[in-house]
Amino acid sequence: MTLQRLPRFATVLALAAVLAAHSAPAAAGSAGAARVIEAVHATRTDARTTITLRADGQLTPVNVEETTERPRRLVLDFANVTAKVPARTPVDSPLVSQVRVALNSREPLVTRVVIEVSERATYHIERVNDAGSELAVIFELAGASSRVLLPPAEPSVGDPEPPISLEQALANGAGVAARATPPAPAAAPVRMVPVAGNPLRISNRTPAAAAVQEPPPTPPQLPAQQPPPPPPVQTRGIQTEERQYVGRPVSIDLENGDLRTLIRLLVNEGGLNVVFDPSVQGTVDIVLNEIPWDQALETILRANKLGYVAEGTIIRIAPLSVLAEEEAERRKLAEARALAGDLRVQTFALSYARAQDLQPLLTRSALSARGQIQVDQRTNTLIITDLPDRLQTAANLITGLDRPEPQVEVEARIVQTTRDFARAIGIQWGLNGRMTPDVGNTTNLAFPNRGTLGGRTGAVNAPTDPRANINETTGTAVNLPVQGATSAIGLALGAVNGAFNLDVALSALERSGKGRVLSTPRLTTQNNVQARVQQGIQIPIQTITNNTVTVTFKDAVLMLQVTPQITAAGTVIMQLSVTNMTADFSREVNGIPPIDTQEAHTQVQVEDGATTVIGGIFVSREQAQSDKTPLLHRIPLLGWLFRRDSVQDESRELLIFITPRILKS
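According to the working numbering, the residues represented by the sequence shown are 175 to 839, in order.
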């Protein structure tokens, strides 16, 4: 294969692309790829300098490029190759000054050869021997042809090469000389006007005389050994959302132009081969101005519902439906090849996971369309029938899934505290007065001649009349006692003749109390497995409906239900349900006690061994009451003798603590 001389940057790209494209087939027939560069030799004459690299196997660069800075350098990179040569080899020729070899990268291993080149030198690469162990970079004066000589690719046996992109096809064909493809007859003549320094123009319209640019006159021919260099090819990169186009700009102005002819002209511009599907027909009306030819080609194909497949340097054009059918057939062929082969049967005895749980996972993730799974629940064994490679995939998946799960111990503490305080002070006044002849105490009036005065709210023991020795009772006029008083004092006063008696009773109460109830349920369960523990009583509730007696039972229990999940960070995520229900027999209704209930349902994340509060309820009740005798309670200083004051303060608090612990096996 010969690479015609291109401008400098195009030559560099062509060298790298062609070497990469054609080195793989040659390597298949050689002894093996090179591992060590053993020698660097330089031979020079007045018009040519040759740098020869010798290795222990086939030597192929993975990258060939020319630096943009000065002095001019040619860089060759060799992957997975080391060097046993001097770091610097002087050449001192008019075309090459020196060769430097050094390790460019250790991971991956890359050895770089840098050749310092003269500005007026051209170069090409040749393989010196059939084994490919010697690679020659030949530098000549400007005007000599640049080419890459490599062994022809050996025909491959096996699967066809997969389609490649248009960019890869351009890279593979960058060094192929432009092939003159005779255009097919078009509906109207197509004019191609190449102008040095300007984009290619394709048109079937008759332009004005002033607008037609004729080709410049042909320069005089030089001797055959030194052909004149062609004008530089201008390339321009256009970045789109899909890709970057770097083809030579073209201008197209066609009306009813033949579709095949236009595509052939564009593909010929890129130096590629083209094959048309028989169904590709039609005409196009298009006007494009200075658009890269590869972008123009893709735009025309999309407008006509066509697509392309690049194989090497051959572009095959076909309708999208045809390409879709081919892709479907190719996919079916690949699936058929993947499913070809003899089936094998293998059993997997599980230790920790349940076979019926793994069966759907393996069916979706590891088995082929021909595979099947049977489960032996008695021995917890999977019986898998499938291709050998799928069996290996299933075995690897089972190894990762069938492993012991850690266990978690969850301890809950339910703390209930109560505090109450009560204080009350009350008073009772009783009096009894009379005006009767018996005691010699009358009004000396006809009416009223006698009368009595006494309290009416109640009666207490009256004081004894020391003179008359008569036991009289005194009615209560102010009755503000303290219920359940723990302290009281009484005072009784009476007249000598028993005409007037007075009682006073002072009662007081002060009470305080504290209580605490601690409940500690605890359980242990496996990771991601729900567990529950409870303890308590069941209260029978009897109902009568239509003369039918029905007895139901209501739970009054302490219950802890948890589902733990151990994270990779060593913490525990828990779905918790804590319930504490107790029967209060002090407030029975028809023999049925009410149930005092505290519950918490939540999901928390706690570190291993740490304690957190997942719930809390605080209830506080304060009550102050004052009972008074009208008007009399307003008497300064003595008003407290005619009222009752009471204060009650009660509080209840509920706290729920949770502590998870991961049990180490």
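Note that beta-carbon positions come from the ideal geometry of N, C-alpha and C, so glycine has one too. Please read these numbers as outputs of a predicted model, since none were measured by experiment.
{"Query": "Specify the secondary structure class of residue 279 as computed by DSSP and reduced to three states.", "Result": "strand"}
{"Query": "Looking only at its own chain, which residues have a Cβ that is under 7 Å from the Cβ of residue 497, when we skip the five neighbours before and after it?", "Result": "481 and 483"}
{"Query": "What whole-angstrom Cβ distance do residue 747 and residue 756 have, given they're in contact under 8 Å?", "Result": "With a Cβ gap of about 30 Å, residue 747 and residue 756 do not count as contacting."}
{"Query": "I need the DSSP call for residue 489, collapsed to helix, strand or coil.", "Result": "strand"}
{"Query": "When you compare each of 695, 606, 580 and 813 to residue 745 by their alpha carbons, which one comes out closest?", "Result": "580"}
{"Query": "Which whole-angstrom value is the C-beta distance of residue 461 and residue 426, which I expect to be below 8 Å?", "Result": "7 Å"}
{"Query": "Using DSSP bridges, identify the partner residues of residue 604.", "Result": "650 and 677"}
{"Query": "Quick one: is residue 464 buried, meaning 16 or more other Cβ sit within 10 Å of its Cβ, or exposed?", "Result": "exposed"}
{"Query": "Can you have a look at residue 547 and say buried or exposed, based on whether 16 or more other CB atoms are within 10 angstroms of its CB?", "Result": "buried"}
{"Query": "For the putative contact between residue 606 and residue 628, defined by C-beta atoms under 8 Å, what is the C-beta separation to the nearest angstrom?", "Result": "4 Å"}
{"Query": "Quick test of your reading: residue 421 and residue 455, contact by CB under 8 Å. State the CB separation rounded to the nearest angstrom.", "Result": "About 25 Å separates the two Cβ atoms, so there is no contact after all."}
{"Query": "Can you tell me whether residue 621 is helix, strand or coil according to DSSP?", "Result": "coil"}
{"Query": "Straight-line CA distance for residue 315 to residue 471?", "Result": "37 Å"}
{"Query": "Assuming residue 262 is part of the beta strand (DSSP E), what are its boundary residues?", "Result": "262–264"}
{"Query": "Taking the alpha-carbon of residue 589 as reference, which of 610, 689 and 569 has the nearest alpha-carbon?", "Result": "689"}
{"Query": "Identify the continuous beta strand (DSSP E) that holds residue 770 and give its terminal residues.", "Result": "769–781"}
{"Query": "Give a yes or no on whether 7 Å exceeds the smallest Cβ distance from residue 700 to chain C.", "Result": "Considering every chain present, this structure includes no chain C. It has just one protein chain."}
{"Query": "Run through DSSP, which three-state label would residue 613 get?", "Result": "helix"}
{"Query": "Give the single residue among 541, 651 and 700 whose Cα lies nearest to the Cα of residue 563.", "Result": "541"}
{"Query": "For residue 765, does the three-state DSSP call read helix, strand or coil?", "Result": "coil"}
{"Query": "The beta strand (DSSP E) that contains residue 699, what's its start and end?", "Result": "696–700"}
{"Query": "Closer than 8 Å is the cut-off here; do at least three beta carbon pairs connect the segment 761–770 with the segment 570–578?", "Result": "no"}
{"Query": "Starting from residue 302, follow the beta strand (DSSP E) in both directions and report where the run begins and ends.", "Result": "Here residue 302 belongs to no beta strand (DSSP E), and DSSP marks it neither H nor E."}
{"Query": "Express the C-alpha separation of residue 571 and residue 701 in angstroms, rounding to a whole number.", "Result": "20 Å"}
{"Query": "Going by DSSP, what residues sit across from residue 672 in a beta bridge?", "Result": "None; residue 672 has no bridge partner."}
{"Query": "Rounded to whole angstroms, what's the CA-CA distance from residue 790 to residue 543? Just pull it up for me.", "Result": "56 Å"}
{"Query": "Since residue 444 contacts residue 467 with CB under 8 Å, what's their CB separation in whole angstroms?", "Result": "6 Å"}
{"Query": "So the candidates are 512, 554 and 537; which of them puts its Cα closest to the Cα of residue 528?", "Result": "554"}
{"Query": "Could you say if the segment 725–740 and the segment 679–699 meet the contact criterion of at least three C-beta pairs nearer than 8 Å?", "Result": "yes"}
{"Query": "At a cut of 8 Å, does the segment 605–620 reach the segment 661–681 through at least three beta carbon pairs?", "Result": "yes"}
{"Query": "Measuring only the C-alpha atoms, how far is residue 439 from residue 431?", "Result": "12 Å"}
{"Query": "Straight-line CA distance for residue 536 to residue 837?", "Result": "30 Å"}
{"Query": "DSSP has residue 423 in a bridge; who is on the other side?", "Result": "466"}
{"Query": "Alpha carbon to alpha carbon, how far is residue 615 from residue 815?", "Result": "30 Å"}
{"Query": "Tell me which residues share the same chain as residue 660 and place their Cβ nearer than 8 Å to its Cβ, disregarding the 5 neighbours each side in the sequence.", "Result": "682, 683, 684 and 685"}
{"Query": "Quick check on this structure: which residue in 239, 594, 477 and 650 has the alpha carbon closest to the alpha carbon of residue 493?", "Result": "477"}
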